[in-house]
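Engineer: Here's a structure for you.
In the numbering used here, the protein residues as written are 22 to 353.
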């Protein structure tokens, strides 16, 4: 049976990579199109908006094969839904851009896309002002260009897709875990080891749904590697490489090994109040965000396939925090 998709929205085509073969179609699409939740994908399947080749998908549990072409139709938003995000002039730090890919250095405090209580002054508003409609729509019209995200309080590198083909290629790399992401983290305590691996499944915490932890009803595999960089006298600077890309992964994993990020109120609360030195205590209080910065990103160009590396230097607030902690450490 052939399917004719409606033409009053946007179609997004993806190819199932071999490593996702024989998995449920809703799980595969949630991996390749990370801005669509599985529940959203299941609703699209139920309404006939997902097609495998030319045959409509019937069940979210259908097992797909490697190399199969899947088309997802996202209906156009109506006035009854919500206003489309609007272009807004923001001072974006663009590290790289071409017709397929853009890479930015996101400042701490900038929300990636709108959510509860945040409808303007988001990264998406700034992207629409800079690029207009020349951004991928795979994640829907409210998340143009967004392939992956950083938390509001996390600064650093983000890659953006300029069109749907680039989005699909980048999403496949993230799904295959070939994208190398490196973070700088300032944490409480000084690890005894020089490096370590954290292999701990995480998900929404049972008792606090705004947190991610291993105390969850729906654990998802997560792997993070870390290396010790500098002893900061009761604190430490680490380099961190998350292999998977779970929500809050680095923050939750560092808390799990008892070295949470300084300034992370969600995961450690007001722990800064117990810091004995007044200067360090005030510096952490005034830092006012998790001590986490996306410092380096390596990926293949979505069209040419050339391996690229991008580096974002530590922001001013991060450097100031380090200077204060070093001064406190070095006092006789």
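Positions of the beta carbon are idealized from the N, C-alpha and C atoms, including for glycine.
Quantities reported herein were computed from a predicted structural model and do not represent experimental measurements.
How far does the alpha helix (DSSP H) with residue 339 in it reach, from first residue to last?
Structural biologist: Locating residue 339 in the chain shown gives position 318, where the first residue counts as 1. It spans 337 to 351 - the alpha helix (DSSP H) in which residue 339 sits, taken as one unbroken run.
Engineer: Within 10 Å of its beta-carbon, does residue 332 have 16 or more other beta-carbons around it, so buried, or fewer, so exposed?
Structural biologist: The residue you call residue 332 lines up with position 311 of the chain shown. Exposed, since its Cβ has fewer than 16 Cβ neighbours within 10 Å.
Engineer: Quick check on this structure: which residue in 43, 69, 334 and 74 has the alpha carbon closest to the alpha carbon of residue 205?
Structural biologist: Along the chain shown, one-based indexing puts residue 205 at 184. It is 334 whose Cα lies nearest to the Cα of residue 205.
Engineer: Expressed to the nearest angstrom, what Euclidean distance is found between the alpha-carbon atoms of residue 33 and residue 48?
Structural biologist: Taking the chain shown and counting its residues from 1, one reaches residue 33 at position 12. Taking the chain shown and counting its residues from 1, one reaches residue 48 at position 27. Going from the Cα of residue 33 to the Cα of residue 48 covers about 16 Å.
Engineer: Would you give the residue range spanned by the alpha helix (DSSP H) that residue 49 belongs to?
Structural biologist: In the chain shown, counting from the first residue as 1, residue 49 sits at position 28. Here the alpha helix (DSSP H) through residue 49 covers 46 to 53.
Engineer: If you run the structure through DSSP and keep just helix, strand and coil, what is residue 225?
Structural biologist: Numbered from its first residue, the chain shown carries residue 225 at position 204. Strand.
Engineer: Counting Cβ pairs closer than 8 Å, one from the segment 88 to 95 and one from the segment 68 to 75, do we hit at least three?
Structural biologist: Yes, the segment 88 to 95 touches the segment 68 to 75.
Engineer: Quick one: what's got a C-beta closer than 6 Å to residue 181's C-beta in the same chain, skipping five residues either side?
Structural biologist: Position 160 of the chain shown, counted from the start, is the residue given in the question as residue 181. Here the set comprises 123 and 166.
Engineer: Write down the C-beta distance between residue 207 and residue 283 rounded to the nearest angstrom, noting that I regard them as a contact closer than 8 Å.
Structural biologist: Position 186 of the chain shown, counted from the start, is the residue given in the question as residue 207. Position 262 of the chain shown, counted from the start, is the residue given in the question as residue 283. Confirmed, Cβ separation roughly 5 Å.
Engineer: At the level of alpha carbons, what is the spacing between residue 119 and residue 64?
Structural biologist: Here residue 119 refers to the residue found at position 98 when the chain shown is read from its first residue. Here residue 64 refers to the residue found at position 43 when the chain shown is read from its first residue. Distance between the alpha carbons of residue 119 and residue 64 is about 35 Å.
Engineer: Hey, quick one: how far does the alpha helix (DSSP H) through residue 305 stretch, first residue to last?
Structural biologist: One-based indexing of the chain shown puts residue 305 at position 284. From DSSP, the alpha helix (DSSP H) with residue 305 extends over 299 to 308.
Engineer: Indicate whether residue 233 and residue 223 have their beta-carbon atoms separated by less than 9 Å.
Structural biologist: Along the chain shown, one-based indexing puts residue 233 at 212. Along the chain shown, one-based indexing puts residue 223 at 202. Against a cut-off of 9 Å, the Cβ pair of residue 223 and residue 233 comes out as a contact.
Engineer: Can you name the start and end residues of the alpha helix (DSSP H) that residue 63 belongs to?
Structural biologist: Working through the chain shown from its first residue, we reach residue 63 at position 42. It spans 59 to 67 - the alpha helix (DSSP H) in which residue 63 sits, taken as one unbroken run.
Engineer: Identify whether residue 148 lies in helix, strand or coil by the three-state DSSP scheme.
Structural biologist: Numbered from 1 along the chain shown, position 127 holds the residue referred to as residue 148. Here residue 148 sits in helix by DSSP.
Engineer: Where does the unbroken beta strand (DSSP E) through residue 195 begin, and where does it stop?
Structural biologist: The residue you call residue 195 lines up with position 174 of the chain shown. Premise fails: residue 195 lies in the alpha helix (DSSP H), 185 to 197, not in any beta strand (DSSP E).
Engineer: For the alpha helix (DSSP H) containing residue 289, name the first residue and the last one.
Structural biologist: By 1-based counting over the chain shown, the position of residue 289 is 268. From DSSP, the alpha helix (DSSP H) with residue 289 extends over 286 to 289.
Engineer: Pull up the CB-CB distance for residue 171 and residue 179, whole angstroms please, since I reckon it's below 8 Å.
Structural biologist: The residue labelled residue 171 in the question sits at position 150 within the chain shown. The residue labelled residue 179 in the question sits at position 158 within the chain shown. Confirmed, about 6 Å.
Engineer: What first and last residue would you give for the beta strand (DSSP E) that runs through residue 274?
Structural biologist: Your numbering for residue 274 matches position 253 in the chain shown. It is not in any beta strand (DSSP E) - residue 274 instead sits in the alpha helix (DSSP H) that spans 270 to 277.
Engineer: Got a sec? Which residues, its chain only, sit under 8 Å from residue 253 by beta carbon, not counting five neighbours each side?
Structural biologist: As a position in the chain shown, residue 253 is number 232, starting the count at 1. Around residue 253: 207, 211, 343, 346, 347 and 350.
Engineer: DSSP three-state call for residue 101: helix, strand or coil?
Structural biologist: Locating residue 101 in the chain shown gives position 80, counting from the first residue. For residue 101, the predicted structure reports a pLDDT of 41, less than 50, and the residue's modelled location is therefore unreliable. A value from the coordinates is still provided. Coil.
Engineer: Report buried or exposed for residue 58, applying the criterion of at least 16 other Cβ atoms within 10 angstroms of its Cβ.
Structural biologist: Counted from its first residue, the chain shown places residue 58 at position 37. So residue 58 ends up on the exposed side.
Engineer: Roughly how many angstroms separate the alpha carbons of residue 322 and residue 183, rounded to a whole number?
Structural biologist: Within the chain shown, the letter at position 301 stands for residue 322. Within the chain shown, the letter at position 162 stands for residue 183. Whole-angstrom Cα-Cα distance: 12 Å.
Engineer: Is it the case that the Cβ atoms of residue 249 and residue 273 are separated by a distance below 9 Å?
Structural biologist: As a first step, residue 249 must be located in the chain shown, where it is residue number 228. As a first step, residue 273 must be located in the chain shown, where it is residue number 252. No, they are not a contact pair.
Engineer: Given a threshold of 16 other Cβ atoms within 10 Å of its Cβ, counted over all protein chains shown, does residue 231 qualify as buried or as exposed?
Structural biologist: Reading the chain shown from its first residue, position 210 is the one you call residue 231. Looking at its Cβ environment, which holds fewer than 16 other Cβ atoms inside 10 Å, residue 231 is exposed.
Engineer: Figure out for me which residue from 50, 106 and 107 has the closest Cα to the Cα of residue 84.
Structural biologist: Here residue 84 corresponds to residue number 63 of the chain shown, with the count starting at 1. Considering only alpha carbons, the answer is 50.
Engineer: According to the neighbour-count rule (16 or more other Cβ atoms, all chains shown, within 10 Å of its Cβ), is residue 286 buried or exposed?
Structural biologist: Residue mapping note: residue 286 aligns to position 265 of the chain shown, counting from 1. Label assigned to residue 286: exposed.
Engineer: Can you tell me which of the three DSSP states residue 314 falls into?
Structural biologist: Numbered from its first residue, the chain shown carries residue 314 at position 293. Looking at residue 314 - three-state DSSP - the assignment turns out to be strand.
Engineer: Looking at the unbroken beta strand (DSSP E) that takes in residue 91, where does it start and where does it end?
Structural biologist: Sequence index remark: in the chain shown, residue 91 carries index 70 (1-based). Looking at the DSSP string, the run of the beta strand (DSSP E) that includes residue 91 is 90 to 96.
Engineer: Using CA atoms only, rank isn't needed, just tell me which of 265, 256 and 277 is closest to residue 305.
Structural biologist: The sequence position of residue 305 within the chain shown is 284, counting from 1. Of 265, 256 and 277, the residue nearest in Cα terms is 256.
Engineer: Hey, residue 144 and residue 131: beta-carbon distance below 9 Å or not?
Structural biologist: Here residue 144 refers to the residue found at position 123 when the chain shown is read from its first residue. Here residue 131 refers to the residue found at position 110 when the chain shown is read from its first residue. Their beta carbons are under 9 Å apart, which means residue 144 touches residue 131 by this criterion.
Engineer: Considering only the alpha carbon of each residue, which of 197, 279 and 225 lies closest to residue 52?
Structural biologist: Counted from its first residue, the chain shown places residue 52 at position 31. The shortest C-alpha separation from residue 52 is found at 197.
Engineer: Apply the 10 Å Cβ neighbour rule to residue 175 and answer buried if 16 or more other Cβ atoms are within range, or exposed otherwise.
Structural biologist: The count along the chain shown starts at 1 and reaches residue 175 at position 154. Buried: at least 16 other Cβ atoms inside 10 Å.
Engineer: Below 6 Å CB to CB, which residues in the same chain sit around residue 102 once its five sequence neighbours on both sides are set aside?
Structural biologist: For the purposes of this step, residue 102 is taken as the residue at position 81 of the chain shown. Because the pLDDT of residue 102 is 45, which lies under 50, any placement of that residue in the model is unreliable, and the number read from its coordinates should be weighed accordingly. Excluding residues within five positions, none has a Cβ falling inside 6 Å.
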